[in-house]
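**Q** Handing you a structure now.
Protein chains: 2
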Amino acid sequence: MSKKIDIRLYIDTTLTINGLIGLSQEHAHYLGGVMRKKVGASVAVFNGRDGEWACEIAEIKKRAATLRVIGRIKEQASEPDLMLAFAPIKKARIDFMAQKATELGVSHLQPVFTRRTNVERVKSERLYANAIEAAEQCERLSVPKVSEPTKLDDLLASWPSERMIMFCDEDLSGRSAHEALSTLTDKQKTHPWAILIGPEGGFDDTERAAIRAMKQTVVVSLGPRVLRADTAAMAAISLWQSAIGDWR
Amino acid sequence: MSKKIDIRLYIDTTLTINGLIGLSQEHAHYLGGVMRKKVGASVAVFNGRDGEWACEIAEIKKRAATLRVIGRIKEQASEPDLMLAFAPIKKARIDFMAQKATELGVSHLQPVFTRRTNVERVKSERLYANAIEAAEQCERLSVPKVSEPTKLDDLLASWPSERMIMFCDEDLSGRSAHEALSTLTDKQKTHPWAILIGPEGGFDDTERAAIRAMKQTVVVSLGPRVLRADTAAMAAISLWQSAIGDWR
């Protein structure tokens, strides 16, 4: 395994030495048709639980292929428990948000309908496909969970008491995220967390009051410019990761 | 001016009360053809120097229009001196980087050719057009300066002694950005700064050594995942802004 393997696939299956993995039609086409790989070529595989494994192509046809598992390259590492709860936005931007959030290391994508949300449907499978692709490319060993959309009121009503909320409020009354995250207690840092991002146009006043009233909420400011929802999400994740996540 | 003005234009001209502004063909088409605005409609204008001004459409035809300046809505605010020096990447991603960097508040975009840069040409006008559009949309009162591309060696050779460098090194030896920025001296915080981002595949070892040898350099880590160049740029700008820029 001295040569770097240039293809990484997420496959939700058990990985054991000498095990055989039957690939989906899409993966077979990608390996053979797109990447022109032949029998014997190396492929890395991860399943989100058992680390990353080197495999070789045992058999490849147009619509089917089999990998043989050679050995483990990387141990599974634990990752921060960080949910991104976000109001759905338009197609290109929501794809982008799922990709970038995965790259930046969130563990759970939760679409949330708010009063000012303009998008009526969210395709969770599509979000998940974007997350998988990003995980394969950024050398992550896991794929974030993607939940079905829910209403903000319902999400807050069933909010777990231990999960802290980093709420990026647009009214500038919050402290800077850097400062707010610097002054958390050690206990607060070890809790599971969520970042809450509103739609373009923001949460309405009732929603803001409800979020601020939660005892888990830490209100932060992302500065004086009007950030798009996807930009705000990326900024908030970066700030959280660097202050209390696994960028430390 | 009680009603919020929904159109903001960047126009590089002097702004004074009752002054008349002759618009470009593109702006005239945008106002009349795209936004369907008529004589008397409100438009906000900024020039990067004099704040934001309310104007009304004094005359509008298919290819020409004139605005009359009514009065100032916002004073010009000072902005942090933050350069983003980045290796050019592919077209869609470089457009995106210019837009997002503008939204996040950089003052200067400097494309830099490195040894592993795969893109041979950069259209600075195109970067500038993206920056203007983003500035108009995010309610910024300025547009970042966009410089012609330069070679990394030349850039470092003429680097101003007072401009600090936040260098996002991929080898993970740096401290987290949060920690590194938290421990700067007050004097260092007030210096002009630059964020230095490599191409996909990173700087080569010679380049890394040259950057690390600069006395202005602060090495930071953006965590264990492989970030795309545009993601790394956005993360770094967010961290800088929240720790020592104008998100405080």
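One line per chain: the protein sequences are C and D, in this order.
Under this note's numbering, read the first sequence as residues 122 to 369, first letter to last.
Under this note's numbering, read the second sequence as residues 122 to 369, first letter to last.
Ideal placement from N, C-alpha and C gives every residue a C-beta, glycine not left out.
In this text, all values refer to a predicted model and were calculated from it rather than measured experimentally.
Beta carbons nearer than 9 Å to chain C: which residues of the stretch 169-180 of chain D have them?
**A** From the stretch 169-180 of chain D, no residue has a Cβ closer than 9 Å to chain C.
**Q** Closer than 8 Å by beta-carbon distance: list the chain D residues that pair up with C/A186, in chain order.
**A** Those do not exist, as C/A186 stays about 26 Å from chain D at its closest Cβ, beyond 8 Å.
**Q** Contact between the stretch 139-146 of chain D and the stretch 185-192 of chain D: three or more CB pairs below 8 Å?
**A** As far as the Cβ criterion goes, the stretch 139-146 of chain D touches the stretch 185-192 of chain D, which means the pair count is three or higher.
**Q** At the 8 Å Cβ level, is C/R368 part of the contact set with chain D, yes or no?
**A** According to the sequence provided, residue 368 of chain C is Trp. The question's Arg does not apply to it. Yes, contact with chain D.
**Q** So with Cβ pairs under 8 Å, would you call D/H229 a contact of chain C?
**A** False, the Cβ-Cβ gap to chain C never drops below 8 Å.
**Q** For D/H229, which residues from the same chain have a beta carbon less than 6 Å from its beta carbon, with the 5 sequence-adjacent residues on both sides left out?
**A** Cβ within range, chain order: M204, P265 and K266.
**Q** In the stretch 335-348 of chain D, which residues sit with their C-beta less than 7 Å from some C-beta in chain C, listed in chain order?
**A** Answer set for the stretch 335-348 of chain D: S342, L343, G344, P345, R346, V347 and L348.
**Q** Closer than 7 Å by beta-carbon distance: list the chain C residues that pair up with D/Q79, in chain order.
**A** The displayed coordinates of chain D run from 122 to 369. Any statement about residue 79 of chain D would go beyond what the structure contains.
**Q** Give me the DSSP bridge partner(s) of C/R129.
**A** Partner(s): C/A165.
**Q** Whole angstroms are fine: how far does the CA of C/F217 sit from the CA of C/I358?
**A** Distance between the alpha carbons of C/I358 and C/F217: 14 Å.
**Q** Would you say C/M355 faces chain D, with C-beta separation under 8 Å as the test?
**A** By this cut-off, C/M355 is an interface position.
**Q** Classify C/T238 as buried or exposed, calling it buried when 16 or more other Cβ atoms lie within 10 Å of its own Cβ.
**A** When all chains shown are included, C/T238 counts as buried.
**Q** Can you tell me whether DSSP reads C/H312 as helix, strand or coil?
**A** Looking at C/H312 - three-state DSSP - the assignment turns out to be coil, as it is neither helix nor strand.
**Q** Indicate the three-state DSSP secondary structure (helix, strand or coil) for D/M218 in the structure shown.
**A** Helix at D/M218.
**Q** Taking DSSP as the reference, what is the three-state secondary structure of C/E180?
**A** Residue state, collapsed to three classes: strand.
**Q** Along the chain, where does the alpha helix (DSSP H) containing D/S359 start, and where does it finish?
**A** Its alpha helix (DSSP H) spans residues A350 to I365.
**Q** Could you check where the beta strand (DSSP E) with D/Q337 kicks off and where it finishes?
**A** Premise fails: D/Q337 is in no beta strand (DSSP E) and is neither H nor E.
**Q** Taking C-beta pairs closer than 9 Å, name the residues in chain D that C/S199 reaches, listed in chain order.
**A** By Cβ distance, chain D contributes nothing, its closest Cβ being about 11 Å from C/S199, past 9 Å.
**Q** At the level of alpha carbons, what is the spacing between C/D307 and C/K183?
**A** In a straight line, the C-alpha of C/D307 is about 54 Å away from that of C/K183.
**Q** Going by the DSSP bridge assignment, what does C/L205 pair with across the sheet?
**A** Paired residues: C/L230 and C/I316.
**Q** With a 10 Å radius around its C-beta and 16 neighbouring C-beta atoms as the bar for buried, classify D/M156 as buried or exposed.
**A** By the 10 Å Cβ count, D/M156 comes out exposed.
**Q** Name the DSSP beta bridge partners of D/A330, please?
**A** DSSP lists no partner for D/A330.
**Q** Using Cβ-Cβ distances below 8 Å, what residues of the stretch 214-225 of chain D are close to chain C?
**A** So the close ones are K221, E224 and L225.
**Q** So, is D/T304 buried or exposed, given that buried needs 16 or more other C-beta atoms within 10 angstroms?
**A** Exposed, by the Cβ-count rule.
**Q** With 8 Å set as the bound, which would you pick, yes or no: does the beta-carbon of D/C259 sit closer than that to a beta-carbon of chain C?
**A** Output row for D/C259: interface = yes.
**Q** Could you compute how far the alpha carbon of C/A206 sits from the alpha carbon of C/W361?
**A** The straight-line gap from Cα to Cα measures roughly 14 Å.
**Q** Kindly indicate which residue of D/H150, D/A334, D/K336 and D/L317 has the alpha-carbon position closest to the one of D/A209.
**A** Looking at the sequence shown, residue 209 of chain D is not Ala but Pro. Minimum Cα distance to D/P209 is reached at D/L317.
**Q** In chain D, which residues lie less than 8 Å from C/T352 when you measure between Cβ atoms?
**A** Near C/T352 (Cβ distances below 8 Å), the residues of chain D are K221, E224, L225 and M355.
**Q** Any chance you could list the beta strand (DSSP E) runs of at least 3 consecutive residues sitting entirely within the stretch 267-295 of chain C, in chain order?
**A** Qualifying beta strand (DSSP E) stretches, in chain order: 285-289.
**Q** Which chain D residues sit within Cβ distance under 7 Å of C/S303?
**A** Within 7 Å Cβ-Cβ: S303.
**Q** How close, in whole Å, do the beta carbons of C/T223 and C/A252 come, if the pair is a contact with beta carbons under 8 Å?
**A** About 5 Å; that satisfies the 8 Å criterion.
**Q** DSSP has C/R157 in a bridge; who is on the other side?
**A** In the DSSP output, where bridge partners are listed per residue, C/R157 has none listed.
**Q** How big is the Cα-Cα spacing for D/A255 and C/I132?
**A** Taking the straight line joining both Cα atoms gives about 39 Å.
**Q** At what residues does the alpha helix (DSSP H) containing D/L302 begin and finish?
**A** Note, D/L302: alpha helix (DSSP H), A298 to S303.
**Q** Between which two residues does the alpha helix (DSSP H) containing D/L343 stretch?
**A** That residue, D/L343, is in no alpha helix (DSSP H); it is neither H nor E in DSSP.
**Q** Excluding the 5 residues preceding and the 5 following D/E328 in the sequence, name in chain order all residues of the same chain whose CB lies nearer than 7 Å to its CB.
**A** Here the set comprises T235, R236 and L273.
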